[in-house]
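As structure tokens, the structure follows; a few thoughts come after it.
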Amino acid sequence: MQVDEVAVAGRLPNPRCFHTFTAIGNRCYVVGGKRINEGPMRGRNVLAVLDTWSGCWLEPLVSGPMPEVLSSHQ
5 MQVDEVAVAG RLPNPRCFHT FTAIGNRCYV VGGKRINEGP MRGRNVLAVL DTWSGCWLEP
65 LVSGPMPEVL SSHQ
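This is the structure in structure tokens:
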């Protein structure tokens with residue numbers, strides 16, 4: 005396996021653990037999780053998307069309620 009560091013543009017998502025990271029096509033989606041030593045990230049309709057072709061982080065507008073708990077896939 006080879007891992008390469010790549011330069012990206014845009015605002016990086018907040019550091020977190022126990023999140024979901026899903027790759028679909030040329031985009032990677034980051035949702036949910038916890039801040040280290042804190043509880044789940046609640047009440048925030050934040051979706052971070054990395055476009056792997058452009059190398060740019062995107063913050064699409066999200067409407068509607070988020071699921072109750074998004075930490076450790078619970």
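When the letters of the sequence shown are read in order and numbered with our numbering, they come out as residues 5 to 78.
Beta carbons are placed, not taken as given, at the ideal position from N, Cα and C, and that holds for glycine.
Every value quoted in this text rests on a predicted model; they were computed, and no experiment measured them.
Quick check: what's the CA-CA separation for residue i versus residue j?
i: V68; j: V35; result: Note on residue identity: the sequence assigns Gly, not Val, to residue 68. Distance between the alpha carbons of G68 and V35: 15 Å.
i: E9; j: N30; result: 17 Å
i: M70; j: M5; result: 35 Å
i: V7; j: G59; result: 16 Å
i: P64; j: V53; result: 8 Å
i: T26; j: C32; result: 5 Å
Going by CA-CA distance only, name the one from the options that's closest to residue i.
i: L62; options: P17, V7 and A11; result: P17
i: P19; options: V66, E42 and I28; result: E42
i: L51; options: W57, H23 and I40; result: H23
i: A13; options: T56, R39 and G37; result: T56
Can you give me the start and stop residues for the beta strand (DSSP E) that residue i sits inside?
i: C60; result: C60 to L62
i: A27; result: T24 to I28
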